Amino acid sequence: MAETTRSAKLTIDGKEYDLPILTATAGPDVIDIRKLYADVGVFTYDPGFTSTASCDSTITFIDGEEGLLMHRGYPIDQLAEKSHFLEVCYLLLYGDLPSTTQLEDFEDRVTAHTMLHEQMHFLFRGFRRDSHPMAIMVGMVGALSAFYHDSLDINDPWQREVATIRMIAKMPTIAAMAYKYTVGQPFVYPRNDLDYASNFLRMCFAVPTADYEVNPILSRAMDRIFTLHADHEQNASTSTVRLASSSGANPFASIAAGIVCLWGPAHGGANQACLEMLKEIGTPDRIPEYIKRAKDKNDPFRLMGFGHRVYKNFDPRAKVMKQSADEVLELLGIEDNPTLQVAKELEKQALEDDYFVSKKLFPNVDFYSGIILEAMGFPTSMFTPIFAVSRTVGWISQWKEMIADPQLKIGRPRQLYKGAELRDYVDIENR
Ligand code: ACO
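Everything in the sequence shown is counted per this note's numbering, starting at 1 for the first residue and increasing by one.
Okay, here's the thing in structure tokens:
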């Protein structure tokens, strides 16, 4: 816990209380209210946690005003440019960039766990073929708890480590199998001579009847998408994982809870919703109509892929993603892709519009990611599962940090009760 150097004063009914202020390495300091209820008898009120730090963490930092995202101190644009997904996984999990031997050892361990227990293949068959792949992922990831009994004890650091490696290794296999199942094709087993991103692409797009050559540029773009989504501090799904596992729930069940939260269109589901919106707009001449709708208080429509709870400046991941979209579409010879044209023009018009400027609404990571994924051949329903594959390492890093914290308590928010006062039960004939 950070050191205390200052304090804040709270006056209630003429009585003054001192609240310690804890110092952050970067970003706002926090007022420590842990003893507030015991000492003062009041709660604080912050639905949506807009001003509440739920934990202290050393993993990821975001400066929303500056548009800065860093993992363990390294800015995301440098990691996206110079590193790769498994190295970023190591950084998030263990706190520092690995040496060559540490990286090789980590990659070997992940690679050795990419297969799923064969019995799990039969579980897929219980789902309808038209299931959303996220629905399948929620079920399959939760079901890992029924297959890997030797990594369920959260109090055993070795079992936590085994569960960590298993989830990072198996998540692409599960996502690819969910995809294959929904398109009615045979499952493709992982290949351990391929890197993480290439293996995922192959498991999604290879068929038994034809060879599948992974294009290195597409594989690099896939790896970048994984890297850019790897962690994002205490977002909704990560907070869900922390809250779920604070009860002592096993790691697989806790990560399944994160997948559920990620699915929503205000969070990970935004990439699917964004591409669907861009396609619905269809041509640049229809953009003003949609911008008008997004600004209308009486219309629930929002520009998907725009705005962020924390970023009040460009999402640094969106910049890299836009560059990647240009590269991938050029490689595939579809630079004149109409969806990309609509996206670019929509971004331009929104950023010139006073509504978006004054509310500091900028494109977020999801604005361009869907265009890349579609160009690679993924249907929109696979966008959020791919996000889940990437974010698994973030969820696990935050989970490991929480479990190892000696101050761990079950998460239990309080409330401002506004319901009926105490009253006596009335028999049904007297109501
Ligand atoms: N389009 C139009 N107006 C918007 C948008 C948008 N995309 N986003 C925010 N606003 C407006 C709100 O109507 C609100 O206006 P008001 O102050 O006049 O009431 C104001 O901007 C602030 O918005 P909030 O909803 O209070 O901001 P919050 O921080 O709660 O929401 C969120 C952030 C959920 C991301 C929101 O911007 C949104 O719904 N965006 C679209 C969905 C999306 O792209 N989600 C992906 C997030 S990134 C990720 O999860 C990877």
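Quick reminder that beta carbons are idealized off the backbone N, C-alpha and C, glycines included.
Just so we're clear, the structure is a prediction, and the values are computed from it rather than from any experiment.
Residue j beta carbon less than 8 Å from that of residue i
i      : j      : result
Tyr90  : Leu69  : no
Met115 : Thr173 : yes
Ile287 : Gln341 : no
Leu278 : Ala343 : yes
Met120 : Ala388 : no
Thr240 : Gly258 : yes
Leu329 : Ala256 : no
Phe200 : Met222 : yes
Thr227 : Val88  : yes
Ile433 : Arg160 : A query on residue 433 cannot be resolved here, the shown segment of the chain reaching from 1 to 431 and no further.
Ala230 : Leu373 : no
Phe356 : Cys274 : no
Pro133 : Met382 : yes
His436 : Phe85  : One cannot answer for residue 436 here, as it falls past the ends of the chain, which runs 1 to 431.
Asp353 : Ile291 : yes
Pro251 : Ala163 : yes
Gln398 : Ser57  : yes
Val320 : Arg224 : yes
Ser414 : Phe43  : Note that residue 414 is Arg in the sequence shown here, rather than Ser. Taking 8 Å as the Cβ cut-off, Arg414 and Phe43 qualify as a contacting pair.
Glu123 : Ile217 : In the sequence as displayed, the identity of residue 123 is Leu instead of Glu. No; because the gap between Cβ atoms is not below 8 Å, this pair is not in contact.
Leu351 : Tyr45  : no
Thr111 : Asn192 : yes
Ser369 : Asn215 : no
Leu22  : Leu10  : no
Phe205 : Gly377 : yes
Thr182 : Arg125 : no
Ser246 : Trp395 : no
Ile154 : Gly248 : yes
Residue i beta carbon near ligand 1 (any heavy atom closer than 7 Å)
i      : result
Asn364 : yes
Met304 : yes
Leu436 : No answer is possible for residue 436: the residues shown for the chain start at 1 and end at 431.
His267 : yes
Phe307 : According to the sequence provided, residue 307 is Gly. The question's Phe does not apply to it. At least one heavy atom of ligand 1 is nearer than 7 Å to the Cβ of Gly307, so yes.
Ala169 : no
Ala270 : yes
Ala343 : no
Ala294 : yes
Three or more C-beta pairs under 8 Å: does that hold for the segment 302–313 against the segment 51–65?
yes
Residue ranges of each alpha helix (DSSP H) run of no fewer than 4 residues wholly in the segment 338–418, ordered along the chain?
338–351, 354–358, 366–376 and 383–403
My parser needs the alpha helix (DSSP H) runs of 4 or more residues fully inside the segment 73–119; what are they?
76–82, 85–94 and 100–111
In chain order, each alpha helix (DSSP H) run of at least 4 residues that lies wholly inside the segment 26–59
36–40
Enumerate, from N- to C-terminal direction, the unbroken alpha helix (DSSP H) stretches of 4 or more residues contained entirely within the segment 235–267.
236–245 and 251–262
Pick out the complete alpha helix (DSSP H) segments inside the segment 148–188, 4 residues or longer, and give them in chain order.
157–183
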